[in-house]
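Here's the structure we're looking at; comments come further down.
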Amino acid sequence: LYSIITMRAHAYALHASIPYFYNSFDGILLWLNGVLIINRRDKESKKSALPKVSNVIKLGANVTYFPEGTWNKSPNLLILDLWNGMYKVAVDHNALIVPISVMEEDGVCYAIQNKPIDVCSLDLNEGKQLIRDSLATAKWEVLEYIANNKGLAKRSDFYPGYWEDYVNKLIDPVRKNYN
């Protein structure tokens, strides 16, 4: 939801976690906002995403993707590999992609919206790499901002177990919804 707020424009969300959608307050908010639901564990459901998104774009609306498809739990990889769908939709509709990076730290949401990028003249691998690079740059800018405000300059400035605690803070509220 932070991504949609950062956009300052209405956008339908492409959401692929059925349990999270039906068992969280975020799911209710997404439903009120407008959401395209698919089940990322079902191959046919995943295939249905492209026509759904295409229809929304043809109607003149925006769509928010979460291209990594999951939380990034790696302390060493800024952006995970991306699904192909966002690239395909952008090329099919001559649409721009506006990368947004969001990170929550100590109850505060930090977000950056990068400049729109055009992948229409690039092949799949080049397009996905440009999207990943843009997302990684935005993520790095968010991390740098947080670190500077906390007086952190290098990895050793973080306490041991920081990353594990950060990941658990993200996931614990969701875990509670499934128990």
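Numbering follows my numbering, in which position 66 of the sequence shown is assigned residue number 54; successive positions increment by one, without gaps.
Yeah, the Cβ is synthetic: ideal placement off N, Cα and C, and Gly gets one too.
No experiment lies behind these values; they were computed from the predicted model shown.
- Fully enclosed alpha helix (DSSP H) runs of no fewer than 4 residues occupy 31 to 35, 37 to 46, 73 to 80 of the stretch 26 to 100, in order along the chain.
- A buried status is given to PRO87, since no fewer than 16 other beta-carbon atoms sit within 10 Å of its beta-carbon.
- Of the residues ASN72, LYS40, GLY22, the one whose Cα lies closest to the Cα of ASP111 is ASN72.
- When secondary structure is reduced to three states using DSSP, LEU110 falls in the coil class, being assigned neither helix nor strand.
- In this chain, the alpha helix (DSSP H) harbouring LEU20 covers 13 to 21.
- For ILE26, the CB contacts under 8 Å within the same chain, skipping 5 residues up- and downstream, are LEU2, HIS3, ALA4, SER33, LYS34, SER36, ALA37, LYS40 in chain order.
- By DSSP's assignment, TYR0 forms a beta bridge with VAL51.
- Contact annotation: VAL130 and TYR98 have beta-carbon atoms nearer than 8 Å.
- In chain order, TYR98 place their CB closer than 7 Å to the CB of TYR133, counting only its own chain and leaving out the 5 sequence neighbours on each side.
- Beta-carbon to beta-carbon, TYR75 and ILE105 are separated by about 11 Å, too far to satisfy the 8 Å threshold.
- Excluding five sequence positions before and after GLU93, the CB atoms of its chain that fall closer than 8 Å to its own CB belong to ILE134, TYR154, given in chain order.
- Along the length of the stretch 99 to 159, whole alpha helix (DSSP H) runs at least 4 residues long occupy 112 to 138, reported in chain order.
- Looking only at TYR53, TRP59, ASP160, ILE67, the smallest Cα-Cα distance to ILE85 is reached by TYR53.
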